[in-house]
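Read the structure below first, then the notes.
Numbering (the numbering used here), first residue to last: 73 to 226.
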């Protein structure tokens with residue numbers, strides 16, 4: 073089970089993605105199998121929040137908890153921070169392209185969870201120095217996987 077401490081930049085998304093993935097990968101999994109494990113998934117301040125919410129609202133299903141986590145942790149301030157971080161982080165040749173691409177991609181997904189691959193790639197490429205942007209566009213398609221873009225940058 074993914075953990076959520078509130079310290080990790082994206083641990084709220086990771087917990088949701090992990091739990092949602094269980095429903096997709098194992099359609100027969102009972103809802104209580106996920107909600108029963110939330111006690112151990114939350115650490116630190118999120119644990120206190122979870123305990124308080126459970127005391128107030130009682131037992132709830134995963135879709136309800138999912139919406140509460142999003143409401144609490146994927147708020148406008150958090151999205152604005154990711155937007156600023158994305159805008160301020162331009163690629164520099166001396167950096168690891170894999171780390172940079174992954175970090176920027178996570179930010180874009182945080183800003184828009186339904187972002188299409190082509191739009192994500194376009195936004196990433198616009199953060200590159202002009203000569204690199206052109207070189208990567210020449211070698212990769214608009215719909216390339218993130219690892220292909222990182223490898224091309226390397």
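Ideal Cβ positions, reconstructed from N, Cα and C, are used throughout, including at glycine. Everything numeric in this text was worked out from a predicted model, so none of it was measured.
Three-state class that DSSP yields for residue i in the structure shown
i           : result
residue 85  : helix
residue 125 : helix
residue 148 : helix
residue 204 : helix
residue 157 : helix
residue 209 : helix
residue 133 : coil
Limits of the alpha helix (DSSP H) - the one that residue i falls within
i           : result
residue 109 : It is not in any alpha helix (DSSP H) - residue 109 carries neither H nor E in the DSSP assignment.
residue 182 : 169-183
residue 194 : 189-197
residue 100 : Here residue 100 belongs to no alpha helix (DSSP H), and DSSP marks it neither H nor E.
residue 161 : Where residue 161 is concerned, there is no enclosing alpha helix (DSSP H), given that its DSSP letter is neither H nor E.
residue 222 : 218-225
Burial state of residue i (16 or more Cβ within 10 Å)
i           : result
residue 118 : buried
residue 176 : buried
residue 83  : buried
residue 193 : buried
residue 73  : exposed
residue 104 : exposed
residue 156 : exposed
residue 96  : exposed
residue 179 : buried
Residues bridged to residue i (per DSSP)
i          : result
residue 73 : The partner list for residue 73 (beta bridge, DSSP) is empty, contrary to what the question assumes.
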